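Enquirer:
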Amino acid sequence: MEYSQEKVRLWTKDFILLMLITMLAMTAITTQMGTLPLFVSELGGSSAVSGGVVGILGISALFVRFPIGFLLDKYGRRILLITGLFILLIDFTLLNFLQTLLSLFLLRLVQGVGNSIQATASATMTADLIPKEILARGLGYFSIAQSVPSAIGPLIGLTVVENYGFDALFRIALVLTALAFFLSLFVSESLMVTAKKKNELDVGLLKKPEVVIPSIIMFLIFLAQSGVVAFIAQFAIERHISGAGYYFTVMSIVTVLVRLCFPVLLEKINQQFLIMGSISFVTIAFALVAFSNGLVELLLSAILYGIGYANLMPIMNTIVLQSVSEQQRGKATAIFLLSLDVAYGGGAMIWGVVATFVGFSTMYLSCTLCGILAGIVYLFWRNRI
7 MEYSQEKVRL WTKDFILLML ITMLAMTAIT TQMGTLPLFV SELGGSSAVS
57 GGVVGILGIS ALFVRFPIGF LLDKYGRRIL LITGLFILLI DFTLLNFLQT
107 LLSLFLLRLV QGVGNSIQAT ASATMTADLI PKEILARGLG YFSIAQSVPS
157 AIGPLIGLTV VENYGFDALF RIALVLTALA FFLSLFVSES LMVTAKKKNE
207 LDVGLLKKPE VVIPSIIMFL IFLAQSGVVA FIAQFAIERH ISGAGYYFTV
257 MSIVTVLVRL CFPVLLEKIN QQFLIMGSIS FVTIAFALVA FSNGLVELLL
307 SAILYGIGYA NLMPIMNTIV LQSVSEQQRG KATAIFLLSL DVAYGGGAMI
357 WGVVATFVGF STMYLSCTLC GILAGIVYLF WRNRI
């Protein structure tokens, strides 16, 4: 009976709409993660150029994500959600007609702006909707919509490119974005209005360990994962591994299954143990990729990463949101998601250069070091509390 009451409070129309909008918009973005390096190569660009094109999305977010947080807390969520999706809609429309290295780079930069706006707005609106007493559970379910696209998007992209070409890929991205924009028009107007009180201690957010440390930990994890997502297709070709796209399928399935069990895991397992176990899983996953010579190793890596990431993301997000007031959620969410944007964007650029000089195996070993560092950061933080 208790579960039924929570379900009524959590699974509202707006909560479901925001999950669908997030999944559609993020899938449109992530279909390009594994395919753009191939497209850049087709246009004559190097691995370093590929990393730049993939990574500029996250770098552009570096300059807009935090100002968006202030706008969300000052003017409301819905108008910014619609604005971000409209920017993506225009961007993907142009991408279907402008396909040179320069235009690709510029359009990815604009994508970073639009994606930062819509992602921060939808995440903040969702946090507003979830009752405080089940915040971790609600974020666990919502994060399915955030994580599944990063798993299935690259697979969809690779499958479409292999069978129908890049033009079909860009058309699919446009359709997904158009659907997300359409659904955003039905999100309740009441979500536009948030507390307009004078925010206090806003500057202090960057000094709060409960905001900064989880953001740093996820930054390191996503920095490493960006190398796997962006270059696994090229790595598989180099190692003569067929079916590398199934990495994303397996990771997606495992992530969803673990997220569905997440509330039970929170109740049964000590949070500190769950966090360290999750960091250990993703670190081992990165090492497995570096030594992979066949599909089995890649799929085992996908399983381990899916388990670790599925637990780690909602726990870190909950720690951040529980440490701030309702009037600071927009800015706190912006800080947390900014770390992910910069990691994915900067990571793709960094790993592209590393791979060019030392190869993919050494690059993925370097990714493993990021996981180890994330564990050290968490242990140091917990020992200081």
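According to our numbering, the sequence shown holds residues 7 to 391 in order.
Quick reminder that beta carbons are idealized off the backbone N, C-alpha and C, glycines included.
Every value quoted in this text rests on a predicted model; they were computed, and no experiment measured them.
1. Within the continuous alpha helix (DSSP H) that includes T106, where are the two ends?
2. In whole angstroms, give me the CA-to-CA distance for I259 and Y350.
3. On the DSSP letters alone, give me the boundaries of the alpha helix (DSSP H) that W387 sits inside.
4. Verify whether the separation of the beta carbon atoms of Y384 and L304 is less than 7 Å.
5. Could you spell out where the alpha helix (DSSP H) holding T28 opens and where it closes?
6. By the DSSP assignment, the alpha helix (DSSP H) with K274 in it spans what residues?
7. Check whether the Cβ atoms of F342 and S221 lie closer than 7 Å to each other.
8. Within its chain, find whatever has a CB closer than 7 Å to the CB of E393; leave out the 5 residues flanking it on each side and keep chain order.
9. Output the boundary residues of the alpha helix (DSSP H) element that contains E303.
10. With distance defined between alpha-carbon atoms, name the residue in L16, F292, M322 nearest to T374.
11. Within 10 Å of its beta-carbon, does K337 have 16 or more other beta-carbons around it, so buried, or fewer, so exposed?
12. Per DSSP, what kind of secondary structure is P137 in: helix, strand or coil?
13. What does the Cβ neighbour count give for L327, buried or exposed, with the cut at 16 atoms within 10 Å?
14. Can you look up K214 in the DSSP assignment and give me helix, strand or coil?
15. Once DSSP output is grouped into helix, strand and coil, what is the label at F363?
16. For the alpha helix (DSSP H) holding G283, just list the boundary residues, first then last.
17. Mind reading off the beta-carbon distance from T89 to I123? Whole number of angstroms is fine, and I expect it under 8 Å.
18. Please list, in chain order, all residues of the same chain as V217 whose beta carbon is under 8 Å from its beta carbon, the five residues on each side excluded.
19. Could you check what DSSP says for G51 in three-state terms: helix, strand or coil?
20. Please report the distance separating the alpha-carbon of T99 from that of A184.
21. Using only CA atoms, which one of V359, M282, T33, Q334 lies nearest to F72?
22. Just verifying my parser: in three-state terms, what is the DSSP assignment at I219?
23. Assuming A42 and S56 form a contact by the criterion Cβ under 8 Å, report the distance between their Cβ atoms to the nearest whole angstrom.
24. Quick check: P137 and R15, are their CB atoms within less than 7 Å of each other?
25. Should I74 go down as buried or exposed, given a rule of 16 or more other Cβ atoms within 10 Å for buried?
Expert: Straight from the coordinates:
1. First-last for T106: undefined, no H or E at that position.
2. Cα-Cα distance, rounded: 22 Å.
3. Start and end: 366 to 390.
4. With contacts defined by Cβ atoms closer than 7 Å, Y384 and L304 do not form a contacting pair.
5. T28 -> alpha helix (DSSP H) spans 19 to 36.
6. Note, K274: alpha helix (DSSP H), 252 to 274.
7. Yes, these two residues count as a Cβ contact at 7 Å.
8. Because the chain here runs from 7 to 391, residue 393 falls outside it and cannot be looked at.
9. For E303, the uninterrupted alpha helix (DSSP H) segment begins and ends at 301 to 328.
10. Relative to the Cα of T374, the nearest Cα in the group L16, F292, M322 belongs to F292.
11. By the neighbour-count rule (16 or more Cβ atoms within 10 Å), K337 is buried.
12. DSSP places P137 in the coil class of the three-state scheme, outside both helix and strand.
13. Buried, by the Cβ-count rule.
14. Assigned with DSSP and collapsed to three states, K214 falls in coil, not helix or strand.
15. Three-state DSSP puts F363 in a helix.
16. G283 -> alpha helix (DSSP H) spans 277 to 296.
17. Their Cβ separation, rounded to whole angstroms, is 6 Å, which keeps T89 and I123 in contact under 8 Å.
18. L211, V326, S329, V330, A338, I341, F342, listed in sequence order.
19. G51: coil per DSSP, three-state reduction.
20. Their Cα atoms are separated by approximately 10 Å.
21. The shortest C-alpha separation from F72 is found at Q334.
22. Residue state, collapsed to three classes: helix.
23. For the record, residue 42 in the displayed sequence is Leu; it is not Ala. With a Cβ gap of about 7 Å, L42 and S56 count as contacting.
24. In contact: P137 and R15 (Cβ atoms closer than 7 Å).
25. The residue is buried, with at least 16 neighbouring Cβ atoms inside 10 Å.
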